[in-house]
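Chains as they are written, first to last, in the working numbering: chain A, 3 to 442; chain B, 27 to 487. Note that the Cβ used here is the ideal one computed from N, Cα and C, for glycine as well. Remember, predicted model here, so these are calculated numbers, not experimental data.
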Ligand SMILES: Cc1cc2nc3c(=O)[nH]c(=O)nc-3n(C[C@H](O)[C@H](O)[C@H](O)COP(=O)(O)OP(=O)(O)OC[C@H]3O[C@@H](n4cnc5c(N)ncnc54)[C@H](O)[C@@H]3O)c2cc1C
Ligand code: SF4
Ligand code: SF4
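See below:
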């Protein structure tokens with residue numbers, strides 16, 4: 003591969019600019035040695051078996067696009083977005099390719115060339131970037147959703163939205179909570195408790211709007227362990243949906259809102275029940291802070307050090323004493339969120355918590371670390387693919403015949419619920435912290 | 027060159043539209059494999075999902091004179107899946123069913139696209155063992171393993187892929203299914219074509235299924251790490267172990283450069299002043315016997331002047347010992363953008379001469395190199411580090427690699443122990459053999475592939 007052969011067609015200035023921008027990623031792209039190890043773990047490749055859907059294929063296509071060996075950004079973008087940004091590839095890459103950095107930057111470069119679609123703009127810029135408006139709208143739609151949601155599985159609490167299916171497909175999703183967590187607890191500003199700790203509490207959009215019980219369980223656990231909570235009113239989304247959609251403007255707006263609220267508050271840790279939010283704050287915020295003020299950069303560095311997911315907070319910071327495993331009747335298995343396991347290295351903590359729950363028996367499923375197929379806007383855009391990936395997860399869950407499948411990321415919970423509901427499985431989906439809170 | 031649309035339709039009618047790829051972005055993604063060579067974009071990609079579709083696909087392609095490149099996972103390091111520009115790629119990765127695992131007669135029947143590690147795991151779940159373990163096993167296909175006769179860490183004691191092929195079915199150029207071998211241990215009724223197919227690199231036909239031998243797993247094992255201040259002493263230890271009639275399942279080697287790269291990358295506390303380390307594992311049917319073998323191995327290492335020996339007392343320590351070996355490729359790969367992983371193999375006793383030559387060559391061309399490999403079978407992986415964008419540097423790498431092949435052949439070795447010839451080393455074949463051999467190979471090939479459409483450009487020019 004010492005030489006590349008550019009295509010002979012003439013190229014437009016816009017295309018040349020695109021290629022030049024991509025060339026800035028060249029030092030990252032070049033380190034891919036095409037070994038193919040990522041094919042073994044990439045969930046999208048696992049479903050379609052197409053090289054262009056695998057990490058190696060995407061990286062090669064970006065390189066070819068930057069060298070004018072292919073002049074079809076639309077087609078490359080299509081392959082590029084068939085990606086869950088799950089990080090599974092980066093975790094096994096022997097060459098240490100900074101795959102997530104490549105994909106995020108490339109998405110924004112290519113999206114800039116192609117322009118964002120109207121729906122994406124609406125969601126990223128108008129809703130997620132404006133928490134107050136988002137909350138108000140959701141409050142309204144929660145009241146009216148009975149009009150177009152049909153109950154599918156009362157046991158799981160999932161609903162189907164036939165009228166919305168052109169946008170969200172045939173997804174069975176949890177009923178928008180009648181009252182979001184935010185409508186009940188708008189803000190908190192407690193002093194350090196008996197543990198001597200005061201933490202910022204970042205519930206995350208999905209807990210707040212779809213699983214308020216997860217946010218409430220987290221709060222209960224913090225209180226029980228004498229941890230004071232700080233929750234400013236108006237926290238925005240962590241930014242990952244916009245980031246994965248390539249909308250950098252919306253992303254930076256969200257981060258800025260959060261920084262303004264979290265900057266001077268004084269707390270020991272930032273705790274979240276969402277693995278995705280934790281990984282975004284810890285990994286992406288610092289990476290994408292180039293143009294920020296020194297002050298914001300310092301806040302981000304501080305948050306990077308302080309952010310921790312609730313299970314790691316319980317085990318590693320509070321060092322709660324977990325009782326020895328007691329083999330009970332309720333079978334529980336655990337699904338590893340990619341962000342927790344592959345980005346943050348959190349996988350023992352949730353398991354030790356589950357293993358300590360009285361009345362439960364812990365069973366490990368096959369491929370617990372394999373991605374469930376939910377991934378921000380991926381699941382909206384490529385629902386069929388997401389379903390196909392989710393099916394493998396669902397089969398692995400069902401194979402160990404559990405009563406409950408636990409996860410420590412609400413985004414995964416959404417996908418698991420959908421899969422089990424679609425297949426009519428009698429498996430409950432719960433967050434580890436909910437189960438821990440129940441046992442307190 | 028685009029393919030005639032009516033021919034595309036014909037393929038679509040065989041496999042279904044979904045399995046025929048014609049879009050540029052898809053085609054481009056089959057233009058490369060793990061070799062550092064110039065990509066070539068195929069004109070068409072077809073992915074059959076049944077044996078019947080595979081036969082018809084091959085027949086249609088052959089009848090229409092399309093060059094055919096069969097591709098498993100595309101992890102080979104010799105360019106043997108880089109297609110012809112006017113040709114097609116036949117993907118086998120959707121032919122990925124394990125058809126049978128027979129626990130009584132110790133064999134399995136598989137389709138060619140089954141992934142090696144997934145197969146090994148399925149076999150292990152039944153209490154049996156499939157030993158060949160190429161470094162790429164998490165992704166490589168069994169078809170690709172057979173076509174390259176892939177080896178692995180366990181080669182010394184357990185052999186390589188070809189030693190496990192009892193039989194196979196191969197699609198020939200007419201699209202007909204040819205059967206060879208059987209499910210019995212003994213078989214003398216036909217030509218031993220399965221042996222011919224091993225390392226055929228997609229040039230003789232397309233494997234449609236393989237019958238694979240399985241063995242009972244070892245019951246106990248012991249791992250050791252021995253340091254040496256001189257490559258010659260390490261080499262003597264290797265010879266001494268074998269002369270003592272112990273065949274370790276793994277006997278791996280890292281030279282000083284390689285140790286230093288791994289240490290810089292992992293900070294695992296490796297001995298950076300050692301000239302070489304040997305990583306040795308013995309296994310067998312009984313813990314006591316294995317223990318005895320381990321003692322003997324350590325004895326030999328000590329006698330040959332090993333400066334320090336560690337033995338793993340438990341699973342955790344064993345993992346730790348293997349860390350150095352597992353870390354070798356990642357460490358080298360991360361040091362510079364491009365990794366040129368070579369595969370020259372020499373008789374065991376020539377390892378010190380080979381290492382010396384590799385290091386002298388690297389020095390001559392001002393290149394970075396680290397060498398690791400399978401000391402037990404003389405299969406070394408001198409790995410040159412460079413940046414393929416730097417043409418001048420890359421030319422020096424090519425010159426150095428050429429010199430290394432020369433040395434390997436002079437030392438009565440071979441161009442490749444396991445990675446294959448492909449396109450990367452085709453021009454060297456005659457040098458290792460002779461003109462008559464090349465002509466014989468060509469005649470053999472013409473008999474099985476009269477239009478020379480199967481992976482032309484592979485194996486020899
Ligand atoms: C990091 C790394 C480590 C590696 N370690 C090792 C190692 O330890 N030992 C080793 O031996 N190799 C190793 N390899 C090389 C490579 O992985 C092996 O050669 C492997 O067998 C290739 O399998 P594949 O499925 O990727 O085949 P591909 O690369 O897709 O194809 C290889 C060859 O097989 C042919 N082929 C594939 N399927 C069929 C079929 N059904 N019928 C006919 N021909 C077919 C192709 O035409 C081609 O010629 C390594 C490679 C990498 C990148
Ligand atoms: S594992 Fe890393 S180096 Fe290997 S092909 Fe994938 S991205 Fe490239
Ligand atoms: S991030 Fe996940 S989905 Fe995307 S290429 Fe990597 S492994 Fe595949």
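Pairwise C-alpha distance: residue j and residue i
i, j, result
"residue 156 of chain A", "residue 221 of chain A", "At residue 156 of chain A, the pLDDT of 48 sits below 50, so the modelled position is not reliable; the number obtained from the coordinates is stated separately. In a straight line, the C-alpha of residue 156 of chain A is about 26 Å away from that of residue 221 of chain A."
"residue 47 of chain B", "residue 422 of chain B", "38 Å"
"residue 361 of chain B", "residue 420 of chain A", "44 Å"
"residue 210 of chain B", "residue 192 of chain B", "8 Å"
"residue 113 of chain A", "residue 84 of chain A", "14 Å"
"residue 64 of chain A", "residue 315 of chain A", "39 Å"
"residue 366 of chain B", "residue 238 of chain A", "48 Å"
"residue 348 of chain B", "residue 40 of chain B", "48 Å"
"residue 208 of chain B", "residue 30 of chain B", "41 Å"
"residue 343 of chain A", "residue 371 of chain A", "7 Å"
"residue 107 of chain A", "residue 49 of chain B", "25 Å"
"residue 149 of chain B", "residue 238 of chain B", "11 Å"
"residue 162 of chain B", "residue 383 of chain A", "33 Å"
"residue 485 of chain B", "residue 222 of chain B", "14 Å"
"residue 311 of chain B", "residue 227 of chain A", "53 Å"
"residue 293 of chain A", "residue 258 of chain A", "12 Å"
"residue 292 of chain B", "residue 424 of chain A", "45 Å"
"residue 171 of chain A", "residue 31 of chain A", "Per-residue confidence for residue 171 of chain A stands at a pLDDT of 47, beneath the threshold of 50, marking its modelled position as unreliable; the derived number appears in the next sentence. Whole-angstrom Cα-Cα distance: 34 Å."
Run of the beta strand (DSSP E) containing residue i, from where it starts to where it stops
i, result
"residue 412 of chain B", "405-412"
"residue 252 of chain B", "246-254"
"residue 231 of chain A", "229-233"
"residue 433 of chain A", "430-433"
"residue 84 of chain A", "It is not in any beta strand (DSSP E) - residue 84 of chain A carries neither H nor E in the DSSP assignment."
"residue 239 of chain B", "232-239"
"residue 72 of chain A", "It is not in any beta strand (DSSP E) - residue 72 of chain A carries neither H nor E in the DSSP assignment."
Neighbour list for residue i in chain A, Cβ cutoff strictly below 9 Å
i, result
"residue 156 of chain B", "Chain A residues near residue 156 of chain B: none, gap ~17 Å exceeds 9 Å."
"residue 146 of chain B", "Within chain A, no residue comes near residue 146 of chain B; the closest Cβ sits about 13 Å away, beyond 9 Å."
"residue 356 of chain B", "95, 96, 97 and 98"
"residue 101 of chain B", "36, 37, 38, 39 and 41"
"residue 452 of chain B", "Under the 9 Å cutoff, chain A gives no residues; its nearest Cβ is about 17 Å from residue 452 of chain B."
"residue 58 of chain B", "3, 36, 58 and 62"
Cross-chain neighbours of residue i in chain A, by beta carbon under 7 Å
i, result
"residue 363 of chain B", "32 and 33"
"residue 164 of chain B", "39 and 42"
"residue 351 of chain B", "Neighbours of residue 351 of chain B on chain A: none; closest Cβ ~13 Å, over 7 Å."
"residue 173 of chain B", "Under the 7 Å cutoff, chain A gives no residues; its nearest Cβ is about 16 Å from residue 173 of chain B."
Proximal residues of chain A, C-beta to C-beta of residue i below 8 Å
i, result
"residue 26 of chain B", "Since the displayed chain B opens at 27 and closes at 487, residue 26 of chain B lies outside it and no answer follows."
"residue 422 of chain B", "Ordered by position in chain A, no residue passes the 8 Å Cβ test against residue 422 of chain B, which lies about 11 Å from the chain."
Contact set between residue i and chain B, taken where Cβ atoms lie within less than 7 Å
i, result
"residue 347 of chain A", "Under the 7 Å cutoff, chain B gives no residues; its nearest Cβ is about 16 Å from residue 347 of chain A."
"residue 54 of chain A", "51, 52 and 55"
"residue 59 of chain A", "55"
Delimiting residues of the alpha helix (DSSP H) encompassing residue i
i, result
"residue 205 of chain B", "Counting along the chain, residue 205 of chain B falls outside any alpha helix (DSSP H), though it belongs to the beta strand (DSSP E) covering 203-207."
"residue 419 of chain A", "412-424"
"residue 335 of chain A", "No alpha helix (DSSP H) holds residue 335 of chain A; the beta strand (DSSP E) holding it covers 332-336."
"residue 145 of chain B", "142-151"
"residue 362 of chain A", "Run containing residue 362 of chain A: none in the alpha helix (DSSP H); it sits in the beta strand (DSSP E), 362-364."
Inset, instruction - Indicate whether the contact test is met: 3 or more Cβ pairs, each with one atom in the region 242-259 of chain A and one in the region 187-195 of chain A, closer than 8 Å. - result: Taking 8 Å as the limit for Cβ pairs, the verdict is that the region 187-195 of chain A does not touch the region 242-259 of chain A.
Inset, instruction - Pull out every residue of the region 61-81 of chain A whose Cβ sits closer than 8 Å to any Cβ of chain B, in chain order. - result: Listed by position, the residues of the region 61-81 of chain A near chain B (Cβ gap below 8 Å) are 62, 63, 66, 71, 72, 74, 77, 78, 80 and 81.
Inset, instruction - Decide if the region 384-396 of chain A is in contact with the region 57-68 of chain A; the criterion is three or more beta carbon pairs, one per stretch, under 8 Å apart. - result: Contact check between the region 384-396 of chain A and the region 57-68 of chain A: fewer than three CB pairs, one atom from each, fall below 8 Å, which does not count as touching.
Legend entry - the region 213-231 of chain B touching the region 267-279 of chain B, judged by at least three CB pairs closer than 8 Å: With a cut-off of 8 Å, the region 267-279 of chain B and the region 213-231 of chain B do not count as touching, because too few Cβ pairs lie within range.
Legend entry - At least 3 beta-carbon pairs within less than 8 Å: the region 95-105 of chain A vs the region 256-269 of chain A: Under the Cβ criterion (8 Å, minimum of three pairs), the region 95-105 of chain A does not count as touching the region 256-269 of chain A.
Inset, instruction - Could you say if the region 195-203 of chain B and the region 75-92 of chain B meet the contact criterion of at least three C-beta pairs nearer than 8 Å? - result: Judged by pairs of C-beta atoms under 8 Å, the region 195-203 of chain B touches the region 75-92 of chain B, as three or more such pairs exist.
Inset, instruction - Pull out every residue of the region 91-112 of chain A whose Cβ sits closer than 7 Å to any Cβ of chain B, in chain order. - result: Flagged, chain order: 96, 97 and 98.
Inset, instruction - May I ask you to verify whether the region 440-458 of chain B touches the region 109-116 of chain B, counting CB pairs closer than 8 Å and requiring at least 3? - result: Contact fails between the region 440-458 of chain B and the region 109-116 of chain B, because fewer than three Cβ pairs, one in each stretch, are under 8 Å apart.
Legend entry - chain B contacts from the region 364-398 of chain A (Cβ-Cβ distance under 8 Å): Correct list: empty, as no residue qualifies.
Inset, instruction - Decide yes or no for the touch test of the region 260-269 of chain B against the region 316-336 of chain B: beta carbon pairs closer than 8 Å, at least 3 of them. - result: Short answer: they touch.
Inset, instruction - State whether the region 236-251 of chain B contacts the region 114-123 of chain B, with contact taken as three or more CB pairs (one from each stretch) at a distance under 8 Å. - result: Three or more Cβ pairs closer than 8 Å define a contact, and the region 236-251 of chain B falls short of that threshold against the region 114-123 of chain B.
Inset, instruction - Determine, using beta-carbon pairs with one atom in the region 278-296 of chain A and one in the region 319-327 of chain A, whether at least three such pairs fall under 8 Å. - result: No, the region 278-296 of chain A does not touch the region 319-327 of chain A.
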